Each structure stands twice: as C-alpha cells, then as structure tokens.
Amino acid sequence: MLNQCKLIAVDMDGTFLNDQKDYDRQHFAALYRKMQERKIQFVVASGNQYYQLCTFFADFPDIIYIADNGAYIRDLATVYFGSRFDPKQAKKILGQLNTYPGLFDELVVSGFKSAYILEDSSEEFKKEAHFYNRKLQIVDSFAEIIDESTKYSFNYTTQDTMSFMQKLQEQLWGMAEITTSGHGNFDIIQPGVHKASGLRHLSQRLGIPLSQMCAFGDGGNDLEMLEAVGDGVAMANCAPGVQKIAQHQTGTNNEQGVLQYLDKLLNNN
Numbered sequence: 149m150l151n152q153c154k155l156i157a158v159d160m161d162g163t164f165l166n167d168q169k170d171y172d173r174q175h176f177a178a179l180y181r182k183m184q185e186r187k188i189q190f191v192v193a194s195g196n197q198y199y200q201l202c203t204f205f206a207d208f209p210d211i212i213y214i215a216d217n218g219a220y221i222r223d224l225a226t227v228y229f230g231s232r233f234d235p236k237q238a239k240k241i242l243g244q245l246n247t248y249p250g251l252f253d254e255l256v257v258s259g260f261k262s263a264y265i266l267e268d269s270s271e272e273f274k275k276e277a278h279f280y281n282r283k284l285q286i287v288d289s290f291a292e293i294i295d296e297s298t299k300y301s302f303n304y305t306t307q308d309t310m311s312f313m314q315k316l317q318e319q320l321w322g323m324a325e326i327t328t329s330g331h332g333n334f335d336i337i338q339p340g341v342h343k344a345s346g347l348r349h350l351s352q353r354l355g356i357p358l359s360q361m362c363a364f365g366d367g368g369n370d371l372e373m374l375e376a377v378g379d380g381v382a383m384a385n386c387a388p389g390v391q392k393i394a395q396h397q398t399g400t401n402n403e404q405g406v407l408q409y410l411d412k413l414l415n416n417n
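The working numbering runs 148 ahead of the 1-based position in the sequence shown.
Take a look at the structure:
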C-alpha cells in the first residue's frame, strides 16, 4: 500500500464502473468523506468526454477530471489544461482514417465544445456515441466542424488488432498515437498527451508528487498512468500487459475492486 497518498486517480470503464455502467454510490460516498477529511484529491482519468464523466459524480463537486485521455483537464469551476491537434495535422489524420472502409461509420471526433459524428451513422452507434458524449453534434461531413480537435475514437473490426494498430501508427507517425482501452474501441491521441501527462500537470498545479499518487486501470490506455504513479493498481479483469507494470492488483470492476482497495488504503493510513 502507498503511504502518504495525496491523490487517487481512477479509470472509468472496466475499472471504477461495473458492466452496468454504475458503481456502489453509498460505499463511495463514505470513502469520499474520508478522502476529504485527509485532503486526498480524487481524480477521474478517462478517454471519455468531460461532460459525460461529471454526470456520474453530481454529488461530488471537488472531483477533477482528466478527460479525452489527458487532452482536457478541469473541474466544475477551473480548466487546468487543454491541448488540441494542429489544424493541418487534424485534416491529415482524418484523411488517413478515411482510407479504411467503413471507419467513418463509427468515428467520433472530440473537441472542447462538443463531440461530432456523421449523420449517416447507424441509430445504434448514435445512441452509443451519445452515452459517452453528452455534448454531441451530428454533422453531414467532418469538414463542417468548427472546433479544435482533441481526440478521435472509433470502433473498427479487425482480425489482428496489434497489426492494425502498428500499421495505423506508422501512417500517423509524428502526428498522433493510437491506443486502445481494451473494449473494442480505438483512440487516436496527441503525441505525449495521455493520462500520465495529465497527472504530471496536476502534480505541478497541486504540488503533489507522482510518488504520492495511487491510480487504477484495466486497459492499454492506462499503462503510462499506472507506471508513473507511486502505486499503480491493476484490476483483476485487466488486459494482458497491464498487470505486469502495476505494483498491486485488486478485484474486478464488477466486484467494486477500486472501492475494496480504497477501504484498505484509507483504513491503513
């Protein structure tokens, strides 16, 4: 267990949330009171949109959100950090993604103001996109977007995930990086902008060393974060490779493994 923990960061899907996209709210509320008493900052670190993430924590206004895999960091009152793709590179990235047949059908372009999908996307995908992006605009063409792009997310069926990611990474070299949460979804993110870089920004802003942070995750987009902090905790349901770099492991997301671990952490400190 991490002594003198001053910040706790959690991934959401597959980590903090169960498969029904919820969590034990009463249990968390009790733990959150303990965190506040001990001046421990709670942080949500996710690839999802800020406007979606904060809907899960309406009763906890002091939470900080590292959204869009580190591209947008804020709480209800303060924006701590915002980073976007260079507009020329954003255009090139979209052009490259469009070379893959059908990829645009389930592509979400994320921006500071909203997220964007195409009008001719399926109704099923529109519902999914709206769940993860509470501010969502439907456009006839991505060329219509008047916003700064922070991230691209898409579902894409491929027989060999690693080969697909390697090929696309080579095509986007120098402009973007590809990662996956391990749930059949891919993210195109800005080079050097991820959950760990988000925690480094908060470290400087809040004066909390990374060594005094604890983080929980289950997917490939959590690797940098778990490796950067003093106590990286992998979920029992984590993707291959996550457990190897984590210092500890806890129960599955459906067992409320994060809350199990926090019980022990807060009772031992």
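Where is the CB? At the ideal position from N, CA and C, for every residue including glycine.
Since the structure is predicted, the reported quantities are computational estimates derived from the model, not experimental observations.
- CA-CA distance, A157 to S258, rounds to 22 Å.
- Contact between the segment 285-295 and the segment 197-213 is absent, with fewer than three C-beta pairs closer than 8 Å.
- Relative to E325, the option among A225, Q285, Q237 whose CA is nearest is Q237.
- If you look at H175, you'll find it in the alpha helix (DSSP H) that goes 173-185.
- Counting along the chain, the unbroken beta strand (DSSP E) around K299 starts and ends at 297-303.
- Secondary structure of S258 (DSSP, three-state): strand.
- Straight across, the Cα-Cα distance linking L374 with G389 is about 11 Å.
- Annotated as distal: N369 and H396, with beta-carbon spacing of 8 Å or more.
- The shortest C-alpha to C-alpha distance from R232 to any of L155, Y220, E403 is the one to Y220.
- Counting the other CB atoms within 10 Å of its CB gives G332 a total below 16, which places it among the exposed residues.
- Under the criterion of beta carbons closer than 8 Å, Q200 and N281 qualify as touching, at roughly 6 Å.
- Here the C-alpha atom of A363 lies approximately 19 Å from the C-alpha atom of H175.
- Pairing K169 with D161, the inter-Cα distance amounts to about 7 Å.
- Where E372 is concerned, the enclosing alpha helix (DSSP H) starts and stops at 371-376.
- Per DSSP, the unbroken beta strand (DSSP E) holding N333 starts and ends at 333-337.
- Residue environment analysis places N246 among the exposed positions, since fewer than 16 neighbouring C-beta atoms fall within 10 angstroms of its C-beta.
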